[in-house]
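Report on one structure; see the data block that follows.
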Amino acid sequence: MKKSGILMTVGSLLLLGLFIFPLWNIQLGAPQYPDPLGMNIYIFGIEGEEEFDIQNIDGVNKYIGMKKIPKPEEMWEFEVFPLVIGGMAALGVLVGILGFFGILGPNWFLAWFILMSILGLLGMYDFNNWLLDYGTDLDPNAVIKLTDEEGNPLNYKPPLWGTDQILNFEAKSYPRTGAYLLFLGMFLTLIAFFTGRRVEKS
Amino acid sequence: MKHIFKFAALGVLGLFMQSCGNNTESSKQGSGGLMAASAAEKVYVAPGEHDEYYGFFSGGFSGQLSVYGLPSGRMLKVIPVFSQDAEKGYGYNEETKAMLNTSYGFVPWGDLHHLDISQTNGELDGRWIFTHENNTPRVARIDLTTFETVEILEIPNSAGNHSFAITENTEYLVAGTRFSIPSPQKDMTIDEMKGNFKGPMTFVKVDQETGGMEIAFQVIMPGFSFDLAHPGRAASHGWMFATTYNSEEANTLLEVNASQNDKDYIVAVNWKKIEEYVNNGGGEMMPAEYAHNVFDHHKHSATSTMKEGIMTVNPTDVPGAIYFLPTPKSPHGCDVDPTGEYIVGSGKLAAQVTVHSFSKMLKAIEEENFIGEVYGMPVLNYDAVLAGIVEEPGLGPLHTEFDGKGNAYTTFFISSEVVKWRLSDFEILDRKPTYYSVGHLMIPGGNSQKPFGEYLVAMNKITKDRYLPTGPEMNHSAQLYDISGEKMELLLDFPTIGEPHYAAGIPADIVKQNSKKIFRLDENEHKYAVKNESETRVERDGNEVHVYMSMVRSHFAPDNIEGIKVGDKVYFHVTNLEQDFDVPHGFAMIGANTAELLVMPGGTKTLLWEPKKEGVWPLYCTDFCSALHQEMQGYVRVSPANSNVELKWSLDGES
Ligand SMILES: [Cu+2]
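In order, the protein sequence lines correspond to chains A and B. What the first sequence shows, in my numbering, is residues 1 to 202, in sequence order. What the second sequence shows, in my numbering, is residues 1 to 655, in sequence order.
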């Protein structure tokens with residue numbers, strides 16, 4: 001159980017990378033923006049890739065009536081996410097240490113993994129909802145109002161994961177270092193479960 | 001949406017077809033099959049790619065400096081320096097008027113001749129470009145992070161400021177006198193010129209950190225015409241060399257009377273010796289008045305200060321500081337090779353190029369091998385200082401630069417050619433025609449210890465049939481040669497602005513990463529700047545009205561103003577709130593007796609409008625800034641002088 005306890009602890013600690021590195025990144029490139037405008041999404045807020053990118057994204061989006069990129073205090077997520085990530089990391093470390101000393105079995109590792117996966121999916125769902133709101137809840141007084149073939153207002157939602165064309169902008173939405181550390185950490189906790197179970201069986 | 005794309009596609013297709021058309025036309029006219037094709041390849045910089053070099057070309061009588069990409073010959077920018085520029089509002093708006101102030105008052109035009117890029121240890125460092133003005137003697141500094149003129153210093157007690165160069169650590173720049181004058185100026189008969197006029201040579205100290213300039217001392221040289229100057233480098237660092245013509249000191253019909261002497265001079269000035277003399281209390285203060293104009297990038301404004309008095313040095317008071325090297329026939333070019341050993345004098349009426357040796361010069365000085373004196377200063381023995389002569393090189397040699405591989409390249413005005421010769425034995429290696437009557441030439445870094453001997457640009461005075469005719473006046477032509485091989489190869493021919501007397505080139509990599517994209521709004525210290533729309537307002541002070549206005553895509557704030565009266569002086573202080581690269585906004589007001597404003601992101605500029613008629617008058621943005629640029633406009637209501645209309649301002653109904 002020693003090895004799996006260590007894996008569980010290390011895996012949980014990797015979550016803390018989210019306090020340093022961005023979780024996600026959305027880049028908006030266009031002919032007149034050869035250096036794409038970019039936003040880094042952290043669990044505690046959204047920052048421009050370059051100092052004035054947020055201001056310039058807001059400026060460009062104003063024409064189609066998109067809301068401004070929210071400041072940390074304008075979204076409850078930026079208060080709750082750090083608590084959830086911090087709490088889950090602490091819980092994981094606790095479970096890992098108790099596992100190390102054989103007090104808790106590997107099923108606890110799996111339980112943590114499942115809980116974290118559910119929370120992660122909820123987070124993604126929430127993030128997608130925000131993107132949808134951001135891309136569709138438009139100012140009715142927007143100066144450019146475009147509709148699709150059926151006459152519905154055009155949807156400017158950036159993709160959750162991937163690349164999409166939004167008018168003249170190519171939007172690229174991909175995970176960044178923080179997310180990769182999260183994935184790696186969760187993967188380690190899963191390994192911890194399997195190695196722990198093998199030890200238990202033998 | 002689909003429509004937009006269709007239109008865009010059509011637009012792109014249109015452009016493509018147009019450029020195809022041009023291509024076929026030019027290739028039809030191209031003269032020599034394969035040769036032309038390879039030349040075209042060498043200057044072809046694909047769309048979206050950058051040139052390898054910046055070329056800075058003086059504008060001569062345009063008073064401005066133009067920036068070209070090399071080898072493509074694409075014009076990148078015109079930087080206003082000594083002349084007003086309505087396009088950018090330079091010298092028109094309230095912030096930059098002070099740049100053109102002089103002891104003669106506001107001078108809206110200048111004649112920009114030579115330029116030199118700042119150097120450290122004899123190599124280009126790409127921080128600033130220094131240049132000078134011939135008519136109203138002035139020197140200027142252009143900042144290569146903003147490509148804007150940031151300092152202009154008037155040179156008093158001089159005229160026809162011509163010989164100009166910076167030393168190899170940018171310690172000093174020298175500004176010589178081409179039109180000798182009474183020193184100090186006084187009312188006297190012209191034909192008593194000889195012996196009474198002077199040719200002061202001014203040394204301007206440059207602050208190594210800020211680039212700031214101040215006059216250090218002025219050496220009161222004899223009344224010859226000082227033409228071109230170059231600093232010693234490496235071994236000869238500490239000396240400045242300058243050509244003179246009219247050592248006859250003729251005051252009329254100079255084309256004949258100043259061409260009588262078989263030899264004029266290159267003067268060698270040991271500026272370190274004079275610097276030491278002045279630092280030890282030597283020299284004499286002379287009354288003088290001159291303007292010093294500085295542009296502050298935080299205040300976005302220039303200030304002009306009138307200074308008084310200059311330190312003058314009588315050259316005979318500093319023995320051993322100045323020597324004259326006889327040089328045939330009214331020399332123009334005075335060029336020092338990268339090692340600092342050879343001083344090349346181009347007697348523009350001579351049929352040879354004269355090369356002096358710095359080490360021989362030192363030896364002749366030591367041995368006191370003099371043949372006479374000029375106003376108490378020794379003239380060295382010509383044969384003792386001569387390194388060699390380039391025999392029968394062409395007619396009318398003017399200017400020489402170097403490739404750093406032991407070769408020199410000299411232009412010949414009269415025979416319209418550029419000639420490559422070897423420094424080691426003065427043998428001619430190649431010659432190529434220029435089109436036509438070439439003046440100066442430029443090799444990037446060719447005026448430093450480390451030339452980049454890849455390209456050479458010849459700048460011509462006469463154009464004639466080189467381009468489609470454009471009436472009696474034709475822009476001057478320049479030719480780009482590939483000098484990387486044994487023989488020079490003509491690659492490109494392109495028109496320039498004004499009369500390019502001179503140019504300086506530098507690898508783009510030294511400069512481009514320092515180029516600013518915006519001015520930071522949070523560092524804007526302009527007295528009338530606003531940082532956001534909530535600070536915009538209108539204030540009246542007697543008949544002066546100050547409008548604190550902002551612009552951002554795509555509106556002004558405020559854009560409706562009432563309560564202005566006929567006879568008011570309305571100052572529009574307009575701040576561009578953008579913090580995005582290459583998003584300037586313009587500002588124009590109907591009836592303003594001045595040029596537009598062109599305001600860079602984060603900057604503030606001021607336009608003065610004196611409304612003369614009552615009514616409602618529009619203002620608008622002049623720079624196509626966005627899809628709604630056409631909507632970027634506003635109105636000002638002007639009421640009679642005695643009206644009681646209340647001062648108010650608004651944007652979208654809110655004030
Ligand atoms: Cu505009």
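Glycine included, each C-beta is placed from N, C-alpha and C at the ideal position.
**Prompt:** When the Cα atoms are used, what is the spatial distance from residue 201 of chain B to residue 590 of chain B?
**Reply:** Rounded to the nearest angstrom, the two C-alpha atoms are 47 Å apart.
Quick one: what's residue 389 of chain B bridged to in DSSP? For residue 389 of chain B, which the question treats as bridged, DSSP gives the partners B/354.
Exercise. Apply the 10 Å Cβ neighbour rule to residue 37 of chain B and answer buried if 16 or more other Cβ atoms are within range, or exposed otherwise.
Key: exposed
Given this structure, state the Cα-to-Cα distance separating residue 25 of chain B from residue 475 of chain B, to the nearest angstrom. Its pLDDT being 38, under 50, residue 25 of chain B is placed unreliably by the model, and nothing is read from it.
TODO: Using only the heavy atoms of ligand 1, determine whether one of them is closer than 7 Å to the beta carbon of residue 549 of chain B.
DONE: no
Could you tell me if residue 648 of chain B is buried or exposed, where buried requires 16 or more neighbouring beta carbons within 10 angstroms of its beta carbon?
exposed
TODO: Output the residue ranges of the beta strand (DSSP E) runs that lie fully inside the segment 536–588 of chain B and measure 3 residues or longer, sorted by chain position.
DONE: 537–541, 544–552, 555–557, 560–565, 569–576
Is any non-hydrogen atom of ligand 1 found closer than 7 Å to the C-beta of residue 559 of chain B, if you look at the structure I gave you? no
In its own chain, which residues sit with a C-beta less than 6 Å from the C-beta of residue 329 of chain B, not counting the 5 before and 5 after it? 347, 349, 350
Using a Cβ-Cβ cut-off of less than 7 Å, list which residues of the segment 33–58 of chain A approach chain B; keep chain order.
52, 55, 56
Q. Helix, strand or coil: which one does DSSP assign to residue 507 of chain B?
A. Judged by DSSP in its simplified three-state form, residue 507 of chain B adopts strand.
Check the Cβ-Cβ distances between residue 648 of chain B and every residue of chain A, and say whether any is below 8 Å.
no
How about residue 143 of chain A: is its C-beta nearer than 8 Å to some C-beta of chain B?
yes
Ranges of the alpha helix (DSSP H) found wholly within the segment 254–320 of chain B, counting only runs of at least 4: The qualifying runs are 254–257, 271–279.
Practice item. Identify the contact partners of residue 63 of chain A in chain B, using a Cβ-Cβ distance below 7 Å as the criterion. Key: Residues of chain B whose Cβ lies closer than 7 Å to the Cβ of residue 63 of chain A are, in chain order, 627.
Closest to residue 238 of chain B by C-alpha separation, out of B/332, B/341, B/526, would be which residue? B/341
Handout entry: Helix, strand or coil at residue 449 of chain B [DSSP, three-state]
Key = coil
- Could you tell me if residue 137 of chain A is buried or exposed, where buried requires 16 or more neighbouring beta carbons within 10 angstroms of its beta carbon? exposed
Notebook entry, point to check: What is the DSSP secondary structure of residue 230 of chain B, counted as helix, strand or coil?
Noted result: strand
- For residue 623 of chain B, verify whether its CB is less than 7 Å away from any heavy atom of ligand 1. yes
(request) Answer with buried or exposed for residue 355 of chain B, where buried requires no fewer than 16 other C-beta atoms within 10 angstroms of its C-beta. (result) By the beta-carbon neighbour count (other beta carbons within 10 angstroms, threshold 16), residue 355 of chain B is buried.
Would you say residue 580 of chain B reaches chain A, if we count a Cβ-Cβ gap shorter than 8 Å as a contact? yes
task: Check the Cβ of residue 553 of chain B against every Cβ in chain A and list those closer than 7 Å, keeping chain order.
output: Residues of chain A passing the Cβ test: 59.
The beta strand (DSSP E) spanning residue 8 of chain A covers which residue range? Not the beta strand (DSSP E): residue 8 of chain A falls in the alpha helix (DSSP H), residues 2–14.
Measuring straight from C-alpha to C-alpha, what distance separates residue 244 of chain B and residue 334 of chain B? 10 Å
| task | Give the single residue among A/182, A/153, A/127, A/149 whose Cα lies nearest to the Cα of residue 139 of chain A. | result | A/153
Exercise. Out of curiosity, what's the CA-to-CA distance linking residue 79 of chain A and residue 73 of chain A?
Worked result: 8 Å
Spell out a yes or no on whether the segment 413–426 of chain B and the segment 447–455 of chain B are touching, meaning 3 or more CB-CB pairs, one atom from each, closer than 8 Å.
no
Endpoints, the beta strand (DSSP E) within which residue 401 of chain B is located
397–402
Problem set entry | Three-state secondary structure assigned by DSSP to residue 639 of chain B | strand
Can you round the beta-carbon distance between residue 579 of chain B and residue 55 of chain A to whole angstroms, since I take them to be within the 8 Å contact cut?
-> 6 Å
Among B/541, B/551, B/44, B/187, which residue has its Cα nearest to the Cα of residue 72 of chain B?
Residue B/44 holds the alpha-carbon nearest to the alpha-carbon of residue 72 of chain B among B/541, B/551, B/44, B/187.
How about residue 49 of chain A and residue 38 of chain A: do their beta carbons lie closer than 8 Å?
yes
Worksheet item: So which of B/500, B/151, B/122 has the shortest CA-CA distance to residue 130 of chain B?
Response: Looking only at B/500, B/151, B/122, the smallest Cα-Cα distance to residue 130 of chain B is reached by B/151.
task: Look up residue 132 of chain B in the DSSP assignment and give the residues it is bridged to.
output: B/139
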